[in-house]
Structures are given as C-alpha cells and as structure tokens.
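Visitor: Line by line, the protein sequences are chains U and E.
Residue numbering for the first sequence follows my numbering, beginning at 527 and increasing consecutively.
Residue numbering for the second sequence follows my numbering, beginning at 779 and increasing consecutively.
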Amino acid sequence: MSNIEQNKNILEVTSLAISFGGLNAVDNFSLSIKNKELYGLIGPNGAGKTTVFNLLTGVYRPDQGEILLDGENLVGKSVEEINKTGIARTFQNIRLFNRLTVLENVKVGFNAFNKYNLLDAVLALPNKKKVEEESNGEAMELLKVFNLQDEAHLLAGNLSYGEQRKLEIARALATKPKLLLLDEPAAGMNSNETMDLMNTIRFVRDKFNVTILLIEHDMKLVSGICERLTVLNFGRVLKQGITNDVLNDPEVIKAYLGD
Amino acid sequence: MEQIRNIKNKQFIYSLSTALMVIVGYAIMQSVINANLASPLIKGLMVPLCIYSILAISLNLVVGISGELSLGHAGFMCIGAFASCIFTRYMKWLGNESLLIFIIAILIGAVAAGLAGFLIGIPVLRLRGDYLAIVTLAFGEIIKNVINAIYLGVDSTGFKFSMKDSLDLNLGEGGIVIIKGAQGITNAPRYSTFLIGAIILLICVVILNNFINSYYGRNIMAIRDNRIAAESIGLNASRYKLLAFTIGSAMAGVAGVLYAHNLNTLAALPKNFGYNMSITILVFVVLGGMGNIRGSIISAVILTVLPEFLREFSNYRMLVYSILLVTLMIFSNAPALKDFRENLLSKINFGKNKKLINKE
Chain U
527 MSNIEQNKNI LEVTSLAISF GGLNAVDNFS LSIKNKELYG LIGPNGAGKT TVFNLLTGVY
587 RPDQGEILLD GENLVGKSVE EINKTGIART FQNIRLFNRL TVLENVKVGF NAFNKYNLLD
647 AVLALPNKKK VEEESNGEAM ELLKVFNLQD EAHLLAGNLS YGEQRKLEIA RALATKPKLL
707 LLDEPAAGMN SNETMDLMNT IRFVRDKFNV TILLIEHDMK LVSGICERLT VLNFGRVLKQ
767 GITNDVLNDP EVIKAYLGD
Chain E
779 MEQIRNIKNK QFIYSLSTAL MVIVGYAIMQ SVINANLASP LIKGLMVPLC IYSILAISLN
839 LVVGISGELS LGHAGFMCIG AFASCIFTRY MKWLGNESLL IFIIAILIGA VAAGLAGFLI
899 GIPVLRLRGD YLAIVTLAFG EIIKNVINAI YLGVDSTGFK FSMKDSLDLN LGEGGIVIIK
959 GAQGITNAPR YSTFLIGAII LLICVVILNN FINSYYGRNI MAIRDNRIAA ESIGLNASRY
1019 KLLAFTIGSA MAGVAGVLYA HNLNTLAALP KNFGYNMSIT ILVFVVLGGM GNIRGSIISA
1079 VILTVLPEFL REFSNYRMLV YSILLVTLMI FSNAPALKDF RENLLSKINF GKNKKLINKE
C-alpha cells in the first residue's frame, strides 16, 4: 500500500449532532481517521461514545452533520446498507446469535459473499455444498486468529465472556469491513486477557488491512495500542490528538477525576 | 476440522432420522392396514396425520426458526384448500380426473397460499410479538369468512362470480356451482391417499431440513436470536422473515390441498380453518419443541391420535386430553427431565458426544 493511501482519511465526520428530547447526546462532533489507523474514543460514562457508534452505523439518524466513509455519504442509509459499504461493529453488551454454533455465527457474517440461490438450498445441490465448504474453511481461518477453533462446534451462548467478545470481533471481520468499531472490547477481561486482546487487535489491523475505532475504559489498553484519541465529555469533543498528549492533558484528567 | 465434521454429522443424522421416521412410520401403518388389523377409525386417521404433520412443521418454520408468533396458519391452509379444489372440481366437471391433475392442484395450492402469505406478510411482519400474533389471528379469520361469502360457478360461457347467492350467478345449461357460499365445495374429487400424504410429508421434511441447514435458514435464525446484531452484519431482517413466512404459508397450503381432497365436501368452518385449528397447530409446535422439525411431527401424531383413543371416555374426552397435554408439556420441557434425557443420551453415545450441542 502506498504512502498516499496510508495517509488518506478513511472516515470523515463533520459537525455531527443528535438530541433526545432536550438532551444533546452528541453535539458538533467531528472526527477524521486515517487508513489503517488505530483510533480511540474515550470519555467518562454517559459522554455519548456509544451514541457516536450508533450514529456511525445507522442505528440513529443524526439531526445534522455528515459522515463520509471512503468518500461515500452514510447519513440516511439503513444499518445493513452501512455494513455493506464497509463498517462493522461489536456491541458493549454482547449480542451474539446464542442458539447458533460459534462456526455458524461467523458464517452468518459471510452473508454478502458466500451466497447460493434458494433452489440450491432446498434441494441440497452441489453448489450449496461447495459454497458451504468454502465458508467453513474461511470461518475456521478467522476463528484461528482468535484461538476459537476448538470451540467451533459449541453454541455461542455457552462460551465464556472473554471468548464471546472475541467471537463478536471475528463475526464483524467476516463482513470484510474497511472500518471496524469496537465498543469496549476489553470489558470484563482480566489483565492477561486484555494483553492478549491488545496483541490480537494489532494483528487484526495488520492482517485484515482494517481501520479500527474503539471505545475503551481500560487506559492500559488505550495507551498501549491507540495512535490517536478523541475525548468526549457531555456529548462534545474535549480533546483530540496523539494518545500521550491527550492523556496528559489537564482538562482530560479533570473530566475523568473531577476537580 | 473435527469440529466442522461434528456439526455436519449432527445435522445429517438429524435430517436423516426425521426422514426415516416418516418412511418407517408409513411402512408400519401401511402393513398394518394391508393385514386388515386396523379399524376404519385408524384408517381414516392416516391422511389427517400427514396433514397435521405438514402443518406443524410449516408453522415451526415461522414460530420456531423465524421466531414470529403467527396465529393465522389455518387461514393459509384454507386458501390452499380452496384454490386447489376449485381447480380439481372444474377439471372434474370437464371430465378430467387423474393423478396429474392432483399434482397440478398441489402446486396451485402451494403457490396460492404462498402468495397470500407473501402479501399478508409485507405489512404484518413489520409488527413484533403480541401485535403480530393478534393481526395474524385476524387475517386467518378474515380469510375464512371471505371464502364463506363467495359464490363461484362455471358454465359453457366461463366462470361466474358473485358475493350474493348462487342464483345470482345466472348459470346456463349444464353449468355447476363450484363454491356455494358457506356450504363450500360439494362433490369434490377425493384424491388424497395415505401414500400421497406420506410422500408429500417426506418432501416437505427434506425441503425444510435442507432450508434450515442452509445459508437462508442460518440467516433467519441469526435474525431470530438477535435482530440488531444481524442487521449490523448486513442482513435485511424483513426480507428473511418474509421468506420464512411465505415458505411456511405455502406448505400450509399444501396441507390444505390434502385436506380438501380427503373429503367429499369442503366448507370453511370454524372447526377446520378457524383459530381453533391455528391454536392446535401451535400446540403441536410448542410441544414438539421450537425449531425441532422431528419433534413437531411426533407431537402432531400423538396429539391427533390421542383424542381418538379417548373417545370411549365420551363426555370427559377433552378433560382427559387437556390433562394429558399439560403432563406431556411438563415432561418434555421441565429442566430436570431435560437433563435426565440428555444424560441418558450421552450414556448411549458412551459419553462421546456429551453435551456437544446442547439446547439452550
């Protein structure tokens, strides 16, 4: 990949705003993320971080503002259309397909690629078998990245918490996104698991050529892998810049710890 | 890759055992009938058993796999029954009676009911939960009542239609009334046999199992488990739900075709196409297990045969039936008994597949 492409902005958000009733949940929010960047979105509880994710993925429609992914406008598109243009996400409260197996969870993520028609499906024609074999292979490859290959046959609901988080990332990656949004990927993990996860996130970024925007409260993870940060407070951008500069900013410390 | 093989084997064994169950069940009952060991009552039950099994598995697709509570399933059965019966009655009038006519009639019933399911599904599947249940219930009743008001006749000049009465049709010489309002279709040809019923049930089972174990079934179950997550990875939830609803309706239509051609007279009564029937089918599905095709067939068979054997209790029949129903429900769904069953199964498998894919 050339340097020019490396420095191109993959996501361009300008003056995004949404309010619920009288509450300005997100106000005048701007953000640009470079291709293949690892970007962090932090802020105290209730700052509007997840709301930003919901705006980016089309769950909420912004009152104003513009979202461009690779030059393509996303405002007004439905959730599934936005996924198809290249944004995939994980959820703060895990949302897996609990009654499907781990393997199937990932295979559902391939829905836009590994297709066959209804007749192939109901008559179990050779084309179905061929495509399913391909899906199985690709899904196992993805599961190996997250060290979940031995759990492939289990129901997703029976995995441990940490494994479920990893499976969510695997499923999101299965849709081959340009931008991956991770909502508190390390929540509920111990420090060893968090270290593992940090390495995995870096590995994923390099292997899948994906840009990553993550929300996280674990400052060790944030300072460990994020290249740049945006700090949200009461729905507004408090600070934006290189990770270390931002984390040492007195205003940011004040927002987190109070006066 | 051992894990993939495990999943595949499990799916294959399940599909195969369901199909084998139908074939073996047919073979046993047919030989019992051939040996003249069956009473006329039992003989008369064979086609209804196939019909109820098809209804149960088709509703299981909607309720168990797609996760939408539909209470109007009998309505689609009704559409399939009448659409096909109009065709076969007309053909009979023309002097055409053959197996080919019946096969075409089955396709007509499936397409008509599927189309109705598709059209009703577009607005209805926007609703969730209780609202969906109420609206499908209403649609089921509407279908039945509309058919009760229709008069359709045919003579040398063509089809004639009225919503008033059969005289209003002004039929010419040699014409017949096909649908006579609430009296329905009389003199319908009786094509349904146990063999045909069993074959159609087998086809439905194979198609449904293949569908569930495919890209489509997987996506539909993903949407059932978590709609928000499914949309976030690019699935169009309404489209897949509509697909499941349409296929479920079409299969109910096929069951309706069998029903229509098992009797001399076809009328849309509350008894056969009303909400009572829809609830009965739902009971089959719930008792057999949500999403469990094999279970649906077993419970449909048990719950259809049971009331017939309880006839000797005459007045207390429905009382005993409901007590048995509650008991069966407890036996099939109580957690302690589920664990017991699972343990038993894993012992049979020598602990090899213990809790490989346990439910819930």
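C-beta atoms are modelled at their ideal positions from N, C-alpha and C, and glycine is treated no differently.
(1) Buried or exposed: ARG1072 of chain E, going by 16 or more other Cβ atoms within 10 Å of its Cβ?
(2) With a threshold of 16 other CB atoms inside 10 Å of the CB of GLU694 of chain U, please say whether the residue is buried or exposed.
(3) Are the beta-carbon atoms belonging to ALA834 of chain E and PHE1087 of chain E less than 8 angstroms from one another?
(4) If we call anything under 8 angstroms between Cβ atoms a contact, is ILE956 of chain E one with TYR868 of chain E?
(5) Would you verify that the beta carbon of PHE617 of chain U is, or is not, closer than 8 angstroms to some beta carbon of chain E?
(6) When the cut-off is 8 angstroms and only beta carbons count, does THR627 of chain U lie next to chain E?
(7) Could you give the C-beta distance for ARG697 of chain U and GLY612 of chain U, rounded to a whole number, given that I count them as a contact under 8 angstroms?
(8) From this set, U:LEU542, U:GLU659, U:ASN624, which residue's C-alpha is nearest LYS786 of chain E's C-alpha?
(9) Let's test the definition: count the other Cβ atoms within 10 Å of the Cβ of THR491 of chain U and tell me whether it reaches 16, buried, or not, exposed.
(10) Residues in the same chain with beta-carbon distance under 6 angstroms from ILE779 of chain U, minus the five sequence neighbours each way, listed in chain order, please.
(11) Listing by chain order, which chain U residues have their CB less than 8 angstroms from the CB of GLU1009 of chain E?
(12) Do GLY602 of chain U and ARG587 of chain U have their C-beta atoms within less than 8 angstroms of each other?
(13) Quick one: measure Cβ to Cβ for LEU930 of chain E and ILE879 of chain E, integer angstroms, because I've assumed they're closer than 8 angstroms.
(14) Starting from ARG762 of chain U, trace the beta strand (DSSP E) both ways and give me its first and last residue.
(15) Using 8 angstroms as the threshold, is the C-beta distance between VAL983 of chain E and ALA797 of chain E below it?
(16) In the structure shown, what three-state DSSP assignment does ASN987 of chain E receive?
(17) Could you check where the alpha helix (DSSP H) with GLU582 of chain U kicks off and where it finishes?
(18) For a cutoff of 8 angstroms on Cβ pairs, would you count LEU622 of chain U as touching chain E?
(19) What residues in its chain sit with their C-beta under 8 angstroms from that of TYR1053 of chain E, if we drop five residues either side in the sequence?
(20) Between the alpha carbons of ARG1002 of chain E and LYS562 of chain U, how many angstroms are there, rounded?
(21) Residues of chain A with CB under 7 angstroms from ALA638 of chain U, in chain order?
(22) Any idea which residues DSSP pairs PRO1028 of chain E with across the strands?
(23) CB-CB under 6 angstroms to ARG1095 of chain E, same chain, minus the five flanking residues each way: which ones, in chain order?
(24) Report buried or exposed for ARG625 of chain U, applying the criterion of at least 16 other Cβ atoms within 10 angstroms of its Cβ.
(25) Could you compute how far the alpha carbon of LYS922 of chain E sits from the alpha carbon of ASN948 of chain E?
(26) Can you give the Cα-Cα distance for SER795 of chain E and PHE937 of chain E, rounded to whole angstroms?
(27) Going by C-alpha distance, which of E:ILE977, E:ALA805, E:LEU827, E:VAL810 is nearest LEU1081 of chain E?
(28) Cβ of ILE1135 of chain E less than 8 angstroms from any chain U Cβ?
(29) Kindly indicate which three-state DSSP category TYR993 of chain E falls into: helix, strand or coil?
(30) Where VAL472 of chain U and SER604 of chain U are concerned, what is the direct C-alpha to C-alpha distance, given to the nearest angstrom?
(31) Which residues in chain E have a C-beta closer than 9 angstroms to the C-beta of THR576 of chain U? List them in chain order.
(32) Give, in chain order, every residue of the stretch 993-1006 of chain E whose Cβ lies closer than 7 angstroms to some Cβ of chain U.
(33) Expressed to the nearest angstrom, what Euclidean distance is found between the alpha-carbon atoms of GLU518 of chain U and ASN997 of chain E?
(34) Is there a C-beta anywhere in chain U that falls below 8 angstroms from the one on MET779 of chain E?
(35) Can you pull the chain U neighbours of ASN988 of chain E, defined as C-beta to C-beta under 9 angstroms?
(36) In chain E, which residues lie with their C-beta within 8 angstroms of the C-beta of VAL789 of chain U?
Guide: Short version:
(1) Within a 10 Å sphere around the beta-carbon of ARG1072 of chain E sit 16 or more other beta-carbons, which makes this residue buried.
(2) So GLU694 of chain U counts as buried.
(3) Note that the C-beta distance between ALA834 of chain E and PHE1087 of chain E is not below 8 angstroms.
(4) Contact annotation: ILE956 of chain E and TYR868 of chain E have beta-carbon atoms nearer than 8 angstroms.
(5) Judged by the 8 angstroms Cβ criterion, PHE617 of chain U is in contact with chain E.
(6) Answer yes: the Cβ-Cβ gap between THR627 of chain U and chain E drops below 8 angstroms somewhere.
(7) That belief does not hold up - the Cβ atoms of ARG697 of chain U and GLY612 of chain U are roughly 16 angstroms apart, past 8 angstroms.
(8) In terms of CA proximity to LYS786 of chain E, U:GLU659 leads the group U:LEU542, U:GLU659, U:ASN624.
(9) Because chain U in this structure spans residues 527 to 785, residue 491 of chain U falls outside the shown range and cannot be described.
(10) Non-local C-beta neighbours of ILE779 of chain U in its own chain, meaning closer than 6 angstroms and more than five positions away in sequence, are absent.
(11) Within chain U, the residues near GLU1009 of chain E are SER604, VAL605, GLU606, ASN609.
(12) Yes, the pair counts as a contact, with Cβ atoms nearer than the cut-off.
(13) About 18 angstroms; that fails the 8 angstroms criterion.
(14) ARG762 of chain U -> beta strand (DSSP E) spans 762-768.
(15) Taking a C-beta distance under 8 angstroms as the contact criterion, VAL983 of chain E and ALA797 of chain E qualify as a contact pair.
(16) In the three-state scheme derived from DSSP, where H, G and I count as helix and E and B as strand, ASN987 of chain E is classed as helix.
(17) Note that residue 582 of chain U corresponds to Leu in the displayed sequence, not to Glu. Counting along the chain, the alpha helix (DSSP H) containing LEU582 of chain U begins and ends at 575-582.
(18) Using beta-carbon distances, LEU622 of chain U counts as an interface residue toward chain E, with a partner under 8 angstroms.
(19) Hits under 8 angstroms: LEU849, GLY850, ALA852, LEU915, GLY918, GLU919.
(20) The alpha-carbon atoms of ARG1002 of chain E and LYS562 of chain U are separated by roughly 34 angstroms.
(21) Here the protein chains are U and E, and chain A is not one of them.
(22) According to the sequence provided, residue 1028 of chain E is Ala. The question's Pro does not apply to it. According to DSSP, ALA1028 of chain E bridges with nothing at all.
(23) The residues are LEU1088.
(24) A residue is called buried once 16 or more other Cβ atoms fall within 10 Å of its Cβ, and ARG625 of chain U is buried on that count.
(25) Their backbone Cα atoms lie some 25 angstroms apart in a straight line.
(26) Approximately 47 angstroms between the Cα atoms of the pair.
(27) For the options E:ILE977, E:ALA805, E:LEU827, E:VAL810, the alpha carbon positioned closest to that of LEU1081 of chain E is the one of E:LEU827.
(28) Confidence in ILE1135 of chain E is poor, its pLDDT being 46 and thus under 50, which makes the residue's placement unreliable; the coordinate value appears in the next sentence. Yes, contact with chain U.
(29) In the three-state reduction of the DSSP assignment, TYR993 of chain E falls in the helix class, which pools H, G and I.
(30) Lying outside 527 to 785, the shown extent of chain U, residue 472 of chain U is not represented and no answer is given.
(31) Those within 9 angstroms of THR576 of chain U in chain E number zero; the least Cβ separation is about 13 angstroms.
(32) Per Cβ criterion, the list reads TYR993, TYR994, ARG996, ASN997, MET999, ALA1000, ASP1003, ASN1004, ILE1006.
(33) Nothing can be reported for residue 518 of chain U: it is not among the residues displayed for chain U, which extend from 527 to 785.
(34) Yes, contact with chain U.
(35) Neighbours of ASN988 of chain E on chain U, chain order: ALA647, VAL648, LEU649, ALA650, LYS654.
(36) With chain U running from 527 to 785 in the structure shown, residue 789 of chain U is simply not present.
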